[in-house]
Amino acid sequence: MNLARKIIEKHLVSGTMEAGKEIALRIDQTLTQDATGTMAYLQFEAMNVPKVKTEISVSYVDHNTLQSGFENADDHKFLQTIANKHGIIFSPAGNGICHQVHLERFGIPGKTLIGSDSHTPTGGGIGMLAFGAGGLDVACAMAGQPFYITMPKIVKVNLTGKLRDWVSAKDIILELLRLLSVKGGRGKIFEFAGEGVKTLSVPERATITNMGTELGATTTIFPSDEITKDFLKRQNREKDWTEMIADCDAEYDEEINIDLNTLEPLIAMPHSPDNVKKVKDLKGTKVDQVCIGSCTNSSYADMMLCAETLKDKKINKNTSLTISPGSRQVFSMLAESGKLFNIINAGARILECACGPCIGMGQAPKTKAVSLRTFNRNFEGRSGTKDAQVYLCSPEVALAAALTGEITDPTALFGAKPKINLPDHFYINDDHFQKPTNDGEIVRGPNIKPLPKFEPMPDSISADVVLKVGDNISTDHILPAGAKILPLRSNLPAISEHTFGAVDKDFVARAKSVKNGVIVGAENYGQGSSREHAALAPRYLGIKFVITKSFARIHLANLINFGIIPLTFDNPSDYELIKLTDKIEFNDIKNIIKENKDLIITVNGKNIKLNYSFTQRQKDILFAGGLLNWIKIAGGNF
Ligand code: MIC
Ligand code: SF4
Numbered sequence: 003m004n005l006a007r008k009i010i011e012k013h014l015v016s017g018t019m020e021a022g023k024e025i026a027l028r029i030d031q032t033l034t035q036d037a038t039g040t041m042a043y044l045q046f047e048a049m050n051v052p053k054v055k056t057e058i059s060v061s062y063v064d065h066n067t068l069q070s071g072f073e074n075a076d077d078h079k080f081l082q083t084i085a086n087k088h089g090i091i092f093s094p095a096g097n098g099i100c101h102q103v104h105l106e107r108f109g110i111p112g113k114t115l116i117g118s119d120s121h122t123p124t125g126g127g128i129g130m131l132a133f134g135a136g137g138l139d140v141a142c143a144m145a146g147q148p149f150y151i152t153m154p155k156i157v158k159v160n161l162t163g164k165l166r167d168w169v170s171a172k173d174i175i176l177e178l179l180r181l182l183s184v185k186g187g188r189g190k191i192f193e194f195a196g197e198g199v200k201t202l203s204v205p206e207r208a209t210i211t212n213m214g215t216e217l218g219a220t221t222t223i224f225p226s227d228e229i230t231k232d233f234l235k236r237q238n239r240e241k242d243w244t245e246m247i248a249d250c251d252a253e254y255d256e257e258i259n260i261d262l263n264t265l266e267p268l269i270a271m272p273h274s275p276d277n278v279k280k281v282k283d284l285k286g287t288k289v290d291q292v293c294i295g296s297c298t299n300s301s302y303a304d305m306m307l308c309a310e311t312l313k314d315k316k317i318n319k320n321t322s323l324t325i326s327p328g329s330r331q332v333f334s335m336l337a338e339s340g341k342l343f344n345i346i347n348a349g350a351r352i353l354e355c356a357c358g359p360c361i362g363m364g365q366a367p368k369t370k371a372v373s374l375r376t377f378n379r380n381f382e383g384r385s386g387t388k389d390a391q392v393y394l395c396s397p398e399v400a401l402a403a404a405l406t407g408e409i410t411d412p413t414a415l416f417g418a419k420p421k422i423n424l425p426d427h428f429y430i431n432d433d434h435f436q437k438p439t440n441d442g443e444i445v446r447g448p449n450i451k452p453l454p455k456f457e458p459m460p461d462s463i464s465a466d467v468v469l470k471v472g473d474n475i476s477t478d479h480i481l482p483a484g485a486k487i488l489p490l491r492s493n494l495p496a497i498s499e500h501t502f503g504a505v506d507k508d509f510v511a512r513a514k515s516v517k518n519g520v521i522v523g524a525e526n527y528g529q530g531s532s533r534e535h536a537a538l539a540p541r542y543l544g545i546k547f548v549i550t551k552s553f554a555r556i557h558l559a560n561l562i563n564f565g566i567i568p569l570t571f572d573n574p575s576d577y578e579l580i581k582l583t584d585k586i587e588f589n590d591i592k593n594i595i596k597e598n599k600d601l602i603i604t605v606n607g608k609n610i611k612l613n614y615s616f617t618q619r620q621k622d623i624l625f626a627g628g629l630l631n632w633i634k635i636a637g638g639n640f
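Just so you know, my numbering puts 621 at position 619 of the sequence shown, and the rest follows in order with no gaps.
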């Protein structure tokens, strides 16, 4: 058996491990972050479960750390107090980015983890089976409920050889994105194997599993081996290690081979992580901004590479360089080593240990800037500047650009790569995690608004097409993040006003002007983040259906959780037949779905067949008008 199936089998609550079928998994650990966490905890509260039922649940504050008004600070206090009350470990702002910190201090090989953040698969770097999910699914897991997914195919990624100097783990995942595209991983788990695995450290593995999310993968996993053991030992957690490896005759559904010897530095061009080119082919492009950090590349090794490479050097005067260490541990060790000096002295700007520029929380680039980032997403406008050209690359490529002011192949610029020696023991100070005492008052500032109530599904629905969009619409398009909008995450009426803001500024008014709305999308609708607000806000604005050629996994689950009916075109070319403002009658829709009958709509005199495939559980949720309603109907016994 392969490793992914072994962990699934051990956690299987219901279903069979047959690709394409729904399975339910027992969840050992959960994590939330502040931008999705407030909603997740309001939902957990509505379930009336006094204490979380997981082995470990951690609430991190890492996204909304810019406090330009009271809102984010209100949310942080709410998160701190609700965590204390319900048995959740609280990691305050300054401790670092959830995925980096979880890997360092809480992740355990062979365990299952779900997090209300799409990059939760980072945990796969130490052999966890870790999934991104909507906040409501995480709330259910905290309440002891299983996590439902479609059993994925397991793809073996066979690594051979060894990376050359200045070529890095980031280039491995960029190569996969080049080969497979942002939708190539849907319905799949990528499991890494082969001799090349042994050449990669845990932080390097975690860079890859982190960005497996950009493939649209269900998750991504590395074995837990001697290298994992060594990492956990340095974290003073050797007792958490177990060997987790595939059997030598393991079978896989698919296989991909990557020869690490032949890889070269790669870069993803605007505005998609799969728009990958060779760095040398873009040589000479002027660079205005370089940002190093994010949950993809902010480990101790990444930071020490910056410190060693920037030693006694000055960055180019036309290029701004920001560096964000991933965690308080990494930052402390960088400071303690004395090498932080090299970074400061080279002209870099040090940011706090948080998501920061990755999510547009500050450092929006200048008009039409070229910005090179070691992050994982470069969707248009995500940086905070609509016309910025954001490229994704390794710290190696980022450093070469910061020093020369242009895209430069690091293999041609630098000599031998500095050797980064890891200390035998990482600096450990767990005092900054707040252990719950299961009491105290929950503090709700004015930014925390109660959850909305949604109606159950009626028998028939007459609806209007209020938006038509193309391929690969991300949740950043649906509900943008950034310093101005993120503080409204706990206030649905206010945040809804920004829905599709950058795509169509009239969308909100149009949606409000009709009773029931339909959104028409194309391929891979809802890719990117796990933010359930991208389903909640449309539902709040009256959207009842999203019809597409295909959906991204987490967003599809979020739509169902909030009672929006996701449908796909039986014939993708029928997408052309529907236009904005068309009226669509969904007669007897409830009964049709109940009895799995064909769903045919008539638009502009033409019949269009729509597909759906809901389990009984999903049908019940949709009929109830969403998962929270269904839980109430089921009397908490869900
Ligand atoms: C992201 O990288 O887009 C985020 C911000 O971390 C999101 C979560 C969110 O929108 O709060 C994610 O990846 O799930
Ligand atoms: Fe934070 Fe960016 Fe990672 Fe999302 S992708 S968790 S915003 S660092």
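Using N, Cα and C, we set each Cβ at its ideal position, and we do this for glycine too. Since this is a predicted model, take the numbers as computed values, not measurements.
Below-8 Å beta-carbon distance, residue i vs any chain D residue
{"i": "S476", "result": "Among the chains in the structure shown there is no chain D, since it carries only a single protein chain."}
Residue i beta carbon near the ligand MIC (any heavy atom closer than 7 Å)
{"i": "S120", "result": "yes"}
{"i": "G386", "result": "no"}
{"i": "I99", "result": "no"}
{"i": "T211", "result": "no"}
{"i": "A361", "result": "Reading off the sequence shown, one finds Ile at residue 361, where the question assumed Ala. I361: yes, Cβ under 7 Å from the ligand MIC."}
{"i": "R166", "result": "no"}
{"i": "H557", "result": "no"}
{"i": "G134", "result": "yes"}
{"i": "A390", "result": "no"}
{"i": "G530", "result": "yes"}
Span separating the alpha-carbon of residue i from that of residue j
{"i": "G417", "j": "F343", "result": "22 Å"}
{"i": "P425", "j": "A171", "result": "21 Å"}
{"i": "G98", "j": "D466", "result": "44 Å"}
{"i": "T152", "j": "L27", "result": "11 Å"}
{"i": "T550", "j": "L601", "result": "14 Å"}
{"i": "D251", "j": "M3", "result": "7 Å"}
{"i": "F233", "j": "A248", "result": "20 Å"}
{"i": "G328", "j": "Q102", "result": "6 Å"}
{"i": "K79", "j": "I567", "result": "35 Å"}
{"i": "L217", "j": "L561", "result": "20 Å"}
{"i": "T127", "j": "T230", "result": "Checking the displayed sequence, the identity of residue 127 turns out to be Gly instead of Thr. The alpha-carbon atoms of G127 and T230 are separated by roughly 8 Å."}
{"i": "Y577", "j": "G186", "result": "21 Å"}
{"i": "G125", "j": "L582", "result": "42 Å"}
{"i": "I84", "j": "V15", "result": "29 Å"}
{"i": "D283", "j": "D167", "result": "19 Å"}
{"i": "D572", "j": "K313", "result": "59 Å"}
C-beta contact flag for residue i and residue j at 8 Å
{"i": "D119", "j": "V184", "result": "no"}
{"i": "G17", "j": "E24", "result": "yes"}
{"i": "D77", "j": "N86", "result": "no"}
{"i": "L81", "j": "T40", "result": "yes"}
{"i": "A270", "j": "V281", "result": "no"}
{"i": "A504", "j": "D473", "result": "no"}
{"i": "P123", "j": "T221", "result": "yes"}
{"i": "G407", "j": "N320", "result": "yes"}
{"i": "F456", "j": "G565", "result": "yes"}
Closer than 7 Å: residue i CB and nearest the ligand SF4 heavy atom
{"i": "R379", "result": "yes"}
{"i": "C308", "result": "no"}
{"i": "I480", "result": "no"}
{"i": "H500", "result": "no"}
{"i": "S296", "result": "yes"}
{"i": "C355", "result": "no"}
Neighbourhood of residue i by C-beta distance below 7 Å, restricted to the same chain and skipping five residues each side
{"i": "C308", "result": "I294, I325, I345, P397, L401"}
{"i": "E499", "result": "V510"}
Residues near residue i in its chain [Cβ-Cβ closer than 8 Å; skip 5 each side]
{"i": "E310", "result": "K341, N344, P420, I422"}
{"i": "L579", "result": "V605, N606, K608, I610"}
Spatial neighbours of residue i in its chain, beta-carbon cut-off 6 Å, leaving aside the 5 residues before and after
{"i": "I174", "result": "I210"}
{"i": "S322", "result": "Q291"}
{"i": "N259", "result": "N160"}
Cβ-heavy atom distance, residue i to the ligand GDP, below 7 Å
{"i": "D461", "result": "In the structure shown, the ligand GDP is absent; the only ligands present are the ligand MIC and the ligand SF4."}
Q: Please determine if the segment 552–568 and the segment 526–539 are in contact, where contact requires at least 3 C-beta pairs separated by less than 8 Å.
A: yes
Q) Counting pairs of Cβ atoms below 8 Å between the segment 480–492 and the segment 356–374, do you hit three or more? A) yes
Q: Flag this pair as touching only if the segment 172–180 and the segment 106–113 have three or more C-beta atom pairs under 8 Å; answer yes or no.
A: no
Q: Assess, as a yes-or-no matter, whether the segment 38–53 is touched by the segment 128–141 under the definition of 3 or more beta carbon pairs within less than 8 Å.
A: yes
Q) Between the segment 430–443 and the segment 602–611, are three or more C-beta pairs nearer than 8 Å? A) no
Q | Validate contact between the segment 584–598 and the segment 452–472 using beta carbons, cut 8 Å, 3 pairs | A | yes
Q) Are the segment 189–198 and the segment 287–304 in contact at 8 Å, needing three or more beta carbon pairs? A) no
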